[in-house]
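A.B. asks: If you're matching positions, the sequence shown starts at 1 in the UniProt record's numbering and goes up one per residue.
Here a beta-carbon is modelled for each residue, glycine too, at the ideal position from N, C-alpha and C.
The structure's right below; bear with me while I get my questions together.
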Amino acid sequence: MASSQAAAFGLKDPSLIKFQGLIDGKWIDAKDGEKIIVTNPATLEELGTVPDMGLAETKEAIDAAARAFPAWSTTTAKHRHDILIKFFALMKEHHDDLGRLITLENGKTLAEGKGENAYSASFVEWFAEEAVRTYGENIPTPFQNSRNIVIKQPVGVVSILTPWNFPSAMITRKLGAALAAGCTTVIKPPPETPFSALALAELAHRAGVPDGVINVVPTLKNVNEVGREMCESKIVKKVTFTGSTPVAKLLYKMAASTLKKVSLEAGGNAPFIVFDDANIDEAVAAAVICKFRGSGQTCVCANRIYVQSSVYAEFASRLAEKVSAFKIGNGLEEGTTHGPLIHSRAVEKVARHVDDAVAKGAQVLVGGKAIPNTSFFMPTVLSDVPTNAILNSEETFGPLAALVKFETEEEVIKLANSTDVGLAGYFFSRDIGRVWRVAERLEVGMVGANIGAMSHTSLPFGGIKESGIGREGSHGIAEYMNTKLIVFGELGY
Ligand code: SIN
């Protein structure tokens, strides 16, 4: 039964499809037999089921990770490097399958699904290379007859909670760093896209990651108690999360009960500013990518597009022309440029933002409507969006480009910074003075100056304000390590 279900995914290697959770190296069902039904957002057809696990399974997973920690954390960095490089190679070998799987459960186009697998694998490769460079320090001594060193040690068991918008890459950005550092893990994948997480765990196992080092606990109905255990358990030493700001705040509070380390990559509401001295061609092309990647479902997507009044009409008509040419559809089909949203709640949110902006005076240039009985919302461009529209303070997370007119640099900086969150911000200008001023004044963790896409493994990803705590990618392995000072006395100098 499971093998015919797996075959329906159409992968070259159907054994990558797992319909069970993973605890201590064993694929298992939920104790109460409950299941989560996973659907393809493009067709609304059932893809398959995974167990809906609860508190008991979570505790077992945490215990398994704790048992695996002493051995894994004392392997050599080179050993972990080698296993991660094998894991990376397997992700490349199964590139087509893993890309297809992402498309099937998330809905993004196949090109985006494969793009995500490449992005995801790059974190595994990157952190393999970081594993062997977690150097400490030797500090000139302030005491007679002594020497001082600082070493880095893995923090311990890590809880990993990830979102559906990047079913694979948001796992490896955390898991790669955790494994490289010598930590063991419990992953709670999103209920919408658990199959990519389970396939990654299978490949990691094939690469030689020992039992118990990676545990995967899918959950839906018990999400509150599972999340609480993952944050409050005294055994867990770090929580890492990507998702919404309200959930990040909840997890932060729970993790505070044991003063755990946290990395929280929460929501954004990115401003995208086009000044009158911008290269308009470049700005339009960048807005298309920045706004509509993953059908607008990324934390770094432009949410508010501010255009200076003298170039407003030109920018609006050029952007509208590009967006009118999009072809929405099933991401597996040739010619589809943009896939569906993840579920009907996401569609309803976009509709609410459009309706609110229109009721307050915005004009629909393109789209503006959901497609009934599907998870699709037409790619939309709104002009003359007023600054009191809800989308100025709430992330839309959908294919809605909202154009707001502005007059001066001072005014737009104030508007851009007028939210509680601060993840990414973008602007286009060819005035070098303005480039410096605006880059420094935008209250965000990542600024794209004359560029609309800046995520890369080697660059620090993360926000300020209510967009989160900590940085991922780049030197992110440090977030999974403790710094320990050792002072040696009585050395006889
Ligand atoms: C996210 O949406 O949370 C991640 C986006 C990225 O890595 O570019």
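What span of residues does the beta strand (DSSP E) with arginine 133 cover, start to end?
C.D. replies: Taken as a continuous stretch (DSSP letters only), arginine 133 belongs to no beta strand (DSSP E), as it is neither H nor E.
A.B. asks: Quick one: is the Cβ of cysteine 183 within less than 7 Å of any heavy atom of ligand 1?
C.D. replies: no
A.B. asks: I want to check one thing, is the minimum distance from the CB of valine 404 to the heavy atoms of ligand 1 below 7 Å?
C.D. replies: no
A.B. asks: Since I believe leucine 319 is in contact with valine 284 (beta carbons under 8 Å), could you give me their beta-carbon distance rounded to a whole number of angstroms?
C.D. replies: 5 Å
A.B. asks: If I follow the unbroken beta strand (DSSP E) through tryptophan 27, where does it start and stop?
C.D. replies: 26-28
A.B. asks: Evaluate contact between the stretch 364-382 and the stretch 260-280, counting only Cβ atoms and requiring at least three cross-stretch pairs below 8 Å.
C.D. replies: Output reads no: the stretch 260-280 does not touch the stretch 364-382.
A.B. asks: Could you say which of Ala357, Tyr135, Ser196 lies nearest to proline 163 if we only look at CA atoms?
C.D. replies: Ser196
A.B. asks: DSSP three-state call for residue 501: helix, strand or coil?
C.D. replies: There is simply no residue 501 to check, as the chain begins at 1 and stops at 493 in what is shown.
A.B. asks: For alanine 159, count neighbouring C-beta atoms within 10 Å of its own C-beta (all shown protein chains included) and say buried if the count is 16 or more, exposed if not.
C.D. replies: In the sequence as presented, alanine is not what sits at residue 159; that position holds serine. Burial call: buried.
A.B. asks: Confirm, please, whether the CB-CB distance from alanine 248 to alanine 270 is below 8 Å.
C.D. replies: no
A.B. asks: Compute the Euclidean distance between the alpha carbons of glutamine 363 and lysine 221, then round it to the nearest angstrom.
C.D. replies: Whole-angstrom Cα-Cα distance: 40 Å.
A.B. asks: When you compare each of Pro399, Ala207, Glu229 to histidine 79 by their alpha carbons, which one comes out closest?
C.D. replies: Ala207
A.B. asks: On a CA-only basis, which of Gly294, Leu251, Asp355, Glu411 is nearest tyrosine 306? Give me that one, please.
C.D. replies: Among Gly294, Leu251, Asp355, Glu411, the Cα nearest to that of tyrosine 306 belongs to Glu411.
A.B. asks: Could you pull the DSSP bridge partners for leucine 382 from this structure?
C.D. replies: Val364, Ala402
A.B. asks: If you check the beta carbons only, do proline 460 and alanine 42 fall under 8 Å apart?
C.D. replies: Cβ distance not < 8 Å, so proline 460 and alanine 42 don't count as in contact.
A.B. asks: In angstroms, rounded to a whole number, what distance separates the CA positions of isoleucine 469 and proline 191?
C.D. replies: Going by the C-alpha atoms only, they are around 24 Å apart.
A.B. asks: Identify, in the order they occur along the chain, each residue of the same chain with its Cβ nearer than 8 Å to the Cβ of tryptophan 126, setting aside the five sequence neighbours on each side.
C.D. replies: For tryptophan 126, where only same-chain residues beyond five positions count, the Cβ hits under 8 Å are Gly176, Thr457, Ser458, Gly473.
A.B. asks: Note down, in chain order, each residue of its chain lying with its Cβ closer than 6 Å to the Cβ of threonine 172, except the 5 sequence neighbours on either side.
C.D. replies: Ser120, Phe123, Val124
A.B. asks: Under 7 Å from any heavy atom of ligand 1, does the C-beta of alanine 302 make it?
C.D. replies: no
A.B. asks: Taking the alpha carbon of glutamate 46 as the reference point, which residue from Tyr493, Lys18, Leu104 has its own alpha carbon closest?
C.D. replies: Leu104
A.B. asks: Shortest alpha-carbon distance to proline 246 belongs to which of Ile273, Glu265, Leu391, Lys261?
C.D. replies: Glu265
A.B. asks: Of the choices Ala325, Val300, Ser383, whose alpha-carbon is the least far from that of glutamine 308?
C.D. replies: Ser383
A.B. asks: Please list, in chain order, all residues of the same chain as alanine 61 whose beta carbon is under 6 Å from its beta carbon, the five residues on each side excluded.
C.D. replies: Ile23, Val186, Asn215, Val217
A.B. asks: Compute the Euclidean distance between the alpha carbons of asparagine 40 and phenylalanine 9, then round it to the nearest angstrom.
C.D. replies: 11 Å
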